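Anchor point for the sequence shown: position 23 equals 23 in full-length UniProt numbering, and the numbering is continuous, going up by one each time.
Every residue gets a Cβ at the ideal spot worked out from N, C-alpha and C, and that includes glycine.
These numbers were taken from a predicted model, which means no experiment stands behind them.
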Amino acid sequence: MKPLEVQPPGLAWVQRTFNLEPQWTVEPDPQAIERTIQSLLPSSTVQVTFLAEGALNKIYDVKIDNEVFVMRVSLSVDPYYKTMSEVSTVEWISRTTNIPVPRVITYQSSRENPIGFEWILMTRMPGRPLKELWRSLSFSAKTSLVGEFAAYSSCPFRNQFQGIGNLYGTASIPNDSGLFEATWPGGNPAYSNNSPRSEKEYLPTGLPELGRIVSMHFFWGSHILQDVHRGPFTSSSDWITSRLSLSEKDCQSILDNLPSSDLESDDEADADDATRTLEIIGKLKPLLPSFFPPNGDNPEPSVLVHDDLSRRNILVYDNGELAAILDWECVSALPLWNACYYPAFLEGRPRRLGPDLRRYKPEANGEPSDLYWEHLWEYEVTLLRDVFIDKMKSLEPGWVEVFHKSQHQRDFDLAVQNCDNEFVARHIRAWMNDITAGVDNHRSLRDRIDGV
């Protein structure tokens, strides 16, 4: 497909106080959703109800006769590629692991349809977000859940790819018009999440090749319009170089567009931020080969990484048993040093001593304070991280070996992620100074940021 020259219709980027956010300039029409599904199933009754929305998607319940499905309508932040990669990734995960995921029923990877946006219709999964049930679950139930995640983490590790990028299946071949026609699966298999899958659906049976990467840093704001290498990448060094290039272009654009004199306070702040970021990038670049040595033309091993395994994307039953994992957009095959780490819901500041409720002032209604719950969460996930690693030791020792030897590489990646973060800049500078000075046993960047 041709590179984008302008942002797609329906999408605008708005600068907030601390960040850039996507904004819908056109709202999806629920009646257009009804008509679209009705055209696929003319004899069925279709009802559409708005359910929720996130940064990039609006979610709708779609009731077809007596069965309820979920449609996610998406902003075209990375047209075609984000939808196609998600469809292929979900199918690959369902085919090669026991991870409970929604089943894709049908989809449209082009805006050229009555809804006016890309969309995916999928089965509705049981359970409630872990975020809603966390406080009510016993620690034993949480321990069992973490054990399930360890088992699931071992599955992708055994299905390693070559290179860095995203999955695209055989379904990603457009027709002669360059568009896709949404269709309903034949034989009505969609009405059961456990329906058998045709061997011809979506993906070949062999290990699929990777394509260009789909990740937020590569499409956020003007990044989708930038002329940078988007993969697939052969190595960590290539991948990180492209990311630094995007951040560098952002800073240069800011400086180039500032007035030559009489800067206002906001302009001065922007100039300071851009200059500081360029300074950090300039110091990171020479360090790159020592953290990620060249590997020639041999593609680096990689593993599919769901980097947003937060408590809102994990559905559980009332007893804490895992029901489903959601939100498989922007899931890339990433290097082992990146993949072999805790799931996101187990990340947080270490806290080895449990909070004493008597030391916290209660809320006006007598309930424990939010600070108590925050400290209790930090304490529990600290213990659960140990549970996760112990379980991984028994399931996949190779995963644990990579985990233990890769903190220095994860630190470099953390510096790249936060190179434009003014609140983290001093930690990055101090960490880089220790690296260049050859300080033995220096504190990790992760510990510096967490205040350990």
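{"Item": "Please state the DSSP three-state secondary structure of Arg446.", "Value": "helix"}
{"Item": "Take the Cβ of Val90 as the centre, count every other Cβ of all protein chains shown within 10 Å, and call the residue buried at 16 or more, exposed below.", "Value": "buried"}
{"Item": "In three-state DSSP terms, what is Phe117?", "Value": "coil"}
{"Item": "Within a Cβ cutoff of 8 Å, which residues of the same chain sit near Gly163, ignoring the five residues on either side of it in sequence?", "Value": "Leu210, Gly231, Pro232, Phe233, Thr234, Pro299, Glu300, Ser302, Ala333"}
{"Item": "Smallest Cα separation from Arg446: which of Val439, Ala430, Asp440, Tyr360?", "Value": "Ala430"}
{"Item": "My output table needs one value for Asp176: the three-state DSSP class, helix, strand or coil.", "Value": "Residue placement at Asp176 is poorly supported in this model, since its pLDDT is 39, which falls under 50; the coordinates are not used for a value here."}
{"Item": "From the DSSP output, which residues share a beta bridge with Asp61?", "Value": "Thr49, Val70"}
{"Item": "If you count every other CB in all the chains shown that lies within 10 Å of the CB of His404, and 16 or more means buried, which is it?", "Value": "exposed"}
{"Item": "Count the other CB atoms within 10 Å of the CB of Leu121; is the residue buried (16 or more) or exposed (fewer)?", "Value": "buried"}
{"Item": "Determine the extent of the alpha helix (DSSP H) in which Leu255 is found, giving its start and end residues.", "Value": "236-256"}
{"Item": "Under the DSSP definition of a beta bridge, which residues are partnered with Arg128?", "Value": "Val316"}
{"Item": "Sorted by chain position, which residues of the same chain lie with C-beta nearer than 7 Å to Tyr360's C-beta, five sequence neighbours on each side aside?", "Value": "Pro368, Ser369, Leu371, Tyr372"}
{"Item": "What first and last residue would you give for the alpha helix (DSSP H) that runs through Ala12?", "Value": "No alpha helix (DSSP H) holds Ala12; the beta strand (DSSP E) holding it covers 11-15."}
{"Item": "Need the endpoints of the beta strand (DSSP E) that Thr143 sits in, please.", "Value": "Thr143 -> not in any beta strand (DSSP E); alpha helix (DSSP H) instead, spanning 139-158."}
{"Item": "Keeping to the same chain, check which residues put their C-beta closer than 7 Å to that of Lys285; ignore five residues upstream and five downstream.", "Value": "Leu244"}
{"Item": "Do Ile59 and Glu53 have their C-beta atoms within less than 8 Å of each other?", "Value": "yes"}
{"Item": "In the DSSP assignment, find the unbroken beta strand (DSSP E) run with Glu21 in it and report its ends.", "Value": "20-24"}
{"Item": "Taking buried to mean at least 16 other C-beta atoms within 10 Å of its own C-beta, is Asp327 buried or exposed?", "Value": "buried"}
{"Item": "Whole beta strand (DSSP E) runs in the segment 320-399 with 3 or more residues, listed along the chain?", "Value": "322-325, 332-335"}
{"Item": "Quick one: give me the first and last residue of the alpha helix (DSSP H) that Val90 is part of.", "Value": "81-96"}
{"Item": "Three-state secondary structure (DSSP) at Ile37?", "Value": "helix"}
{"Item": "Quick check: the Cα distance between residue 474 and Cys251, rounded to an integer number of angstroms?", "Value": "What the structure shows of the chain is the stretch from 1 to 452, and residue 474 is not part of that stretch, so it cannot be assessed."}
{"Item": "Are the segment 72-86 and the segment 38-52 touching by the rule of at least three beta carbon pairs closer than 8 Å?", "Value": "no"}
{"Item": "Give a yes or no on whether the C-beta atoms belonging to Asn295 and Asp413 are separated by under 8 Å.", "Value": "no"}
{"Item": "Which residues share a DSSP beta bridge with Ile164?", "Value": "Phe233"}
{"Item": "For a test of the three-state rule: what should DSSP assign to Ser310, helix, strand or coil?", "Value": "coil"}
{"Item": "Considering only C-alpha positions, which residue in the set Glu34, Ala55, Ile33, Ser43 is nearest to Val14?", "Value": "Ala55"}
{"Item": "Hey, how far is the Cα of Ala151 from the Cα of Arg410?", "Value": "23 Å"}
{"Item": "What's the call for Gly221, buried or exposed, on a 16-neighbour Cβ count within 10 Å?", "Value": "buried"}
{"Item": "Nearest-angstrom Cα distance between His375 and Asp450?", "Value": "14 Å"}
{"Item": "Using the three-state DSSP reduction, which class does Pro100 fall into: helix, strand or coil?", "Value": "coil"}
{"Item": "Could you spell out where the alpha helix (DSSP H) holding Val305 opens and where it closes?", "Value": "Unbroken run through Val305 is the beta strand (DSSP E), 301-305; no alpha helix (DSSP H)."}
{"Item": "What is the residue span of the alpha helix (DSSP H) that Phe219 lies within?", "Value": "216-219"}
{"Item": "Can you tell me whether Ser242 is buried or exposed, with buried defined as 16 or more other CB within 10 angstroms of its CB?", "Value": "buried"}
{"Item": "Compare the beta carbon distance of Asp386 and Ser247 with 8 Å and say whether it is the shorter of the two.", "Value": "no"}
{"Item": "Out of Met432, Asp273, Val305, which has the shortest C-alpha to C-alpha gap to Phe149?", "Value": "Val305"}
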